[in-house]
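Sequential numbering of the sequence shown, starting at 546, is according to my numbering.
Just below is one structure, and these are the notes that go with it.
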Amino acid sequence: MQVSVRRLSLYPLGVARSALLSPSPRLLSPGTRTLFSETGVWEKEYRPETRRRVEEWWHPRIMAQWRKDALEEDSKGKKFYVLSMFPYPSGRLHMGHVRVYTISDTIGHFQRMRGHQVLNPMGWDAFGLPAENAAIERGLDPEEWTKRNIKSMREQLDSLGLCFNWDREVTTCLPDYYRWTQYLFVKLFQAGLAYQKEAVVNWDPVDQTVLADEQVDENGRSWRSGALVEQKLLTQWFIKTTNYAKPLLDALADLPEWYGVKAMQANWIGDCTGCYFDFKLKVNGEETGETLSAYSSSPETVFGAAYLAILPSHRLLHGSSSVRSVLEKGFELGRDSLTEVTAHNLFTDHEVPVVISHKEAFDGYLDTVIGIPDCSEEDLSVARALNLRWTTVLKSDEDGTQTLVNSDEFSGLTRQQAFDSITQKSRDQRVGGHLTSSKLRDWLISRQRYWGTPIPVVHCGSCGPVAVPEDELPVTLPKLPSLTGKGTSPLEDAHDWVSCTCPRCKGPARRETDTMDTFVDSAWYYFRYTDPQNTVRPFERHLADHWLPVDVYIGGKEHAVMHLYYARFLCHFCKDQGLVAHREPFRKLLVQGLIKGQTFKLADSGQYLKREDIDFTDKEPVARRGGRVEVTFEKMSKSKHNGLDPQDVVQQYGVDTVRLYILYAAPPEQDILWNVKTDALPGVLRWQSRLWQLVTKLRAARQPGDIPNPSLLKKKELAETKKIWDNKNYAVQEVTSHFTGDFLFNAAISRLMGLTNTLSSATAAVVQHSVEFEEALAVLVLMTAPMAPHLASEMWAGLCQVKNPLSLPLQQRGDVLQQSWPAVDPKYLDVPEFVELSVMINNKACGSVTVPLQVSKDSERVQQLILESPLGQKLLSARSIKRAILSPRTALINFLVEE
């Protein structure tokens, strides 16, 4: 079955793409507009046709130069790893993709211009339910569907001119990638951190698979299918992330602020004030083989345990547990029930009875807790009601300090000392002790679907679960004749694949038929990018250590808890395994908001309408078939008829315009409300034309025979050049700060627009004879380049052919993206930091305000600072300002207000 996919294209109909890749000039038909880079003839106006030809010309050249520079980079340069979250290959880019990859591309170009080794990789989060469901619907192999979508999306990304390190591409569904996902799972298994147990789990009846708790929304519905989730008892694989809860929580303090994500992570983990201890269950003094981990919020008092309590919903009462019948025998609803089952504490060596609690829930997500009467009135009440015996373990001194008694070698310690010592020793003995919270659960990774990484374990009747040896990895997915999406794991049907030999005893065994949650694949992909062709190990340590941590990680805030938590966990684990030097994988996080589309729906029913179904004749829109219409901005989707196809937007406005709009419309973490009638889009269209006009202006002033002579400038013109010099340096300082610190690209563009205004008002003599104008214009184009590379490349080509250049930048070789990022002139940094500015109102002096020197020539900033000052609040807050005049020569501003 053929799948029709529209691809983004910059190329005009009827023109072969290969022709556009050729660097040699083409013969132009009569009447065809020229392009300077092709013909040496400068187009005076930046028209849509000019824009189209500029982008066609520079698109392949920018990408080719990026690849060439990446291969020739000096390995001694400081590294910079910019990473955008890799996409699921759905086959179609959406505007959210365009936003995140525009940001990473902009940062990549900027850091390369600063002389850094830049790693800006791309890959595909290619396993998962959507591909499997799509394959079932279409009767296709999910691998075929996925690879076709990857090819389509790769072409779309390329057509946007995004400069990724494609030589480092990773695809999680390929055996050369998931071999190493399995390798890391085996490492977790060997460390006792990957385990299998029977558990009550969330079951999606539509997608026919288990969901982790975090994949179920607050209304009890699946995050993907929207189905109401059911509860099932299944044997599942877990990763013991709770063992790393405290290190993961503590490490947040060493990270820069992550747009609220650190707080979300901390809340997700919870206060790590307790820990689990391991128990072996017994019936009539004989061990049953069942192991339970029970939580205590006061582990220092564990020697005073009176019982172990489980909930009535506990798996022991509902599954195939060997103690189920014994537990059920004495269980009564509505009361605490003492059972004949006992639990042997592997740390204290004490044995306590198992009690079935009358409660429906303990604190947080706990289903098994240790009852310690010394620490809890409730535990004391239960122990007394059931006539249980226990040991007192706390003694209060005269000063109120509590110390331990009857606690073996820990007796005599204060509670805090005992807390530290007991948890440490239990960790050393590997029987518990890892600090965690009562609300955190281990990571459930089993999925009952086909299209995922096979779990590399075989089940042997003699040996139990056995990890597949590392030299036998990968365990590849078998080819299945068909997929139904119903019942148990589809891999159960691959009988020849399931039947195998135990690696340990060589007896008959069965392969694990669950596959891994795709979050396992994405928990380590940032490592693989550093060494993607390695066939011996997941990555070489020296390469991972060179590139990590990721300097800037860019993606949606919806991944703030799950993906980022799992990725951090796996990095901590790899550090402990000696695989890497860094414990935290990401230095800075840049979360991006949504691009929301204008949405129309009937006020009464909430039905979403298409734009063509609405009458906009009156002031308020109404449905053509009747009914009041609500107009909002919502997340783009087909069902809401508010989606934007990047192809259509690029075809209409061009790549650079779309890039500038995305960067200018809002700070990255805020949502963009896409509306072409707002100021953002018209603003960036006007700005591009004004930039082009500045180049045209300088070229016109430097015709052959027009020799620039700065000595001809008069006093007034010299003052003008001083203002240009000040504004240029201020712009370099501010834009660089925004690119490296707060990532406020909208503020950076605003500052460049301000410099554009300054240069646009320059007099003819200053344009012709000053080095300041020429240098400021060169700096303006250089700083525009990371954001609008095609436009900046053409303007740079035009500038570099200006006759008799005065400034050093225009005497350099190479295209604009090969130039060095501009620096602030040292003299600008040597001047006093503040200046006292006289304030006049209607030509009458009324006081002064101190402002930073760097902004003292910026009329808008000066006005804002004065209006925010006590003087401005007192004299101007209630008055209507008609105009404010900032003197170019003296530290003075005059506000003209209505009397």
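Yeah, the Cβ is synthetic: ideal placement off N, Cα and C, and Gly gets one too.
For residue i, the three-state DSSP class (helix, strand or coil)
{"i": "H1091", "result": "helix"}
{"i": "K1146", "result": "strand"}
{"i": "M1340", "result": "helix"}
{"i": "S567", "result": "At S567, the pLDDT of 33 sits below 50, so the modelled position is not reliable and the matter cannot be decided from this model."}
{"i": "I967", "result": "helix"}
{"i": "R975", "result": "coil"}
{"i": "L1355", "result": "helix"}
{"i": "N890", "result": "strand"}
{"i": "K624", "result": "strand"}
{"i": "T1021", "result": "coil"}
{"i": "H1004", "result": "strand"}
{"i": "F1064", "result": "helix"}
{"i": "I1386", "result": "strand"}
{"i": "I1430", "result": "strand"}
{"i": "G1417", "result": "helix"}
{"i": "E1214", "result": "coil"}
{"i": "F1379", "result": "strand"}
{"i": "R1296", "result": "helix"}
{"i": "R1132", "result": "strand"}
{"i": "L1437", "result": "strand"}
{"i": "C1116", "result": "helix"}
Cα-Cα separation between residue i and residue j, rounded to whole angstroms
{"i": "E802", "j": "D1287", "result": "11 angstroms"}
{"i": "W669", "j": "R713", "result": "11 angstroms"}
{"i": "R1244", "j": "A796", "result": "55 angstroms"}
{"i": "K1180", "j": "C1047", "result": "50 angstroms"}
{"i": "H863", "j": "L856", "result": "11 angstroms"}
{"i": "R592", "j": "V599", "result": "10 angstroms"}
{"i": "I648", "j": "A798", "result": "26 angstroms"}
{"i": "R683", "j": "D749", "result": "22 angstroms"}
{"i": "L1115", "j": "S867", "result": "34 angstroms"}
{"i": "F1178", "j": "I1207", "result": "16 angstroms"}
{"i": "A1323", "j": "Q701", "result": "32 angstroms"}
{"i": "R596", "j": "V746", "result": "56 angstroms"}
{"i": "L566", "j": "S704", "result": "Because the pLDDT at L566 is just 33, under 50, the model does not fix this residue reliably, and the point stays unresolved."}
{"i": "N932", "j": "F848", "result": "18 angstroms"}
{"i": "E922", "j": "L949", "result": "19 angstroms"}
{"i": "L1412", "j": "S1432", "result": "17 angstroms"}
{"i": "Q1215", "j": "R880", "result": "52 angstroms"}
{"i": "Y740", "j": "P918", "result": "32 angstroms"}
{"i": "D1375", "j": "W1366", "result": "21 angstroms"}
{"i": "L778", "j": "T998", "result": "23 angstroms"}
{"i": "M1159", "j": "K1185", "result": "Note on residue identity: the sequence assigns Ile, not Met, to residue 1159. Each residue's Cα considered, the two are about 14 angstroms apart."}
Residue closest to residue i, alpha-carbon to alpha-carbon, out of the options
{"i": "D614", "options": "Q662, P666, L878", "result": "Q662"}
{"i": "T833", "options": "A808, E885, N812, G879", "result": "E885"}
{"i": "V1167", "options": "K1146, G1138, P1053", "result": "K1146"}
{"i": "P1249", "options": "A609, L1289, Q1313", "result": "Q1313"}
{"i": "I901", "options": "G819, L1134, R869, S1184", "result": "R869"}
{"i": "N1439", "options": "A1390, L1412, T1395, P1083", "result": "A1390"}
{"i": "V1136", "options": "K589, L628, G585, K1185", "result": "L628"}
{"i": "N710", "options": "Y646, L1257, Y728, L733", "result": "Y646"}
Beta-carbon separation (whole angstroms), residue i vs residue j, contact threshold 8 angstroms
{"i": "L664", "j": "W1069", "result": "Incorrect: roughly 16 angstroms between the Cβ atoms, too far for contact."}
{"i": "K984", "j": "Y910", "result": "6 angstroms"}
{"i": "T754", "j": "Q974", "result": "With 8 angstroms as the limit, T754 and Q974 do not qualify as a contact, their Cβ atoms being about 37 angstroms apart."}
{"i": "E677", "j": "P666", "result": "Incorrect: roughly 26 angstroms between the Cβ atoms, too far for contact."}
{"i": "V1380", "j": "S1404", "result": "With a Cβ gap of about 14 angstroms, V1380 and S1404 do not count as contacting."}
{"i": "E1317", "j": "I1269", "result": "5 angstroms"}
{"i": "V1450", "j": "K1419", "result": "Nothing in the structure corresponds to residue 1450, since the chain is present only between 546 and 1444."}
{"i": "P1014", "j": "V1002", "result": "The pair is not a contact, with the Cβ atoms about 11 angstroms apart (cut-off 8 angstroms)."}
{"i": "F1131", "j": "Y1098", "result": "4 angstroms"}
{"i": "D1038", "j": "L1022", "result": "12 angstroms between Cβ atoms; not a contact."}
Any non-hydrogen atom of the ligand SAH within 7 angstroms of residue i CB
{"i": "S582", "result": "Of ligands this structure carries none, so the ligand SAH is not represented either."}
Within the region 814 to 881, note down every full beta strand (DSSP E) run reaching 3 residues or more, in order along the chain.
-> 819 to 828, 831 to 841, 852 to 855
At which residue ranges does the region 629 to 711 contain complete alpha helix (DSSP H) runs of 4 or more residues, listed in the order of the chain?
-> 640 to 658, 674 to 683, 687 to 704
At what residue ranges does the region 933 to 958 contain a whole run of the beta strand (DSSP E), taking only runs of 3 or more?
-> 939 to 941, 947 to 949
At 3 residues or longer, and completely inside the region 1137 to 1205: list those beta strand (DSSP E) runs for me, N to C.
-> 1140 to 1147, 1174 to 1180
Pick out the complete alpha helix (DSSP H) segments inside the region 773 to 801, 4 residues or longer, and give them in chain order.
-> 790 to 796
Would you list, in sequence order, the uninterrupted beta strand (DSSP E) runs of no fewer than 3 residues that lie entirely inside the region 725 to 774?
-> 739 to 749, 754 to 756
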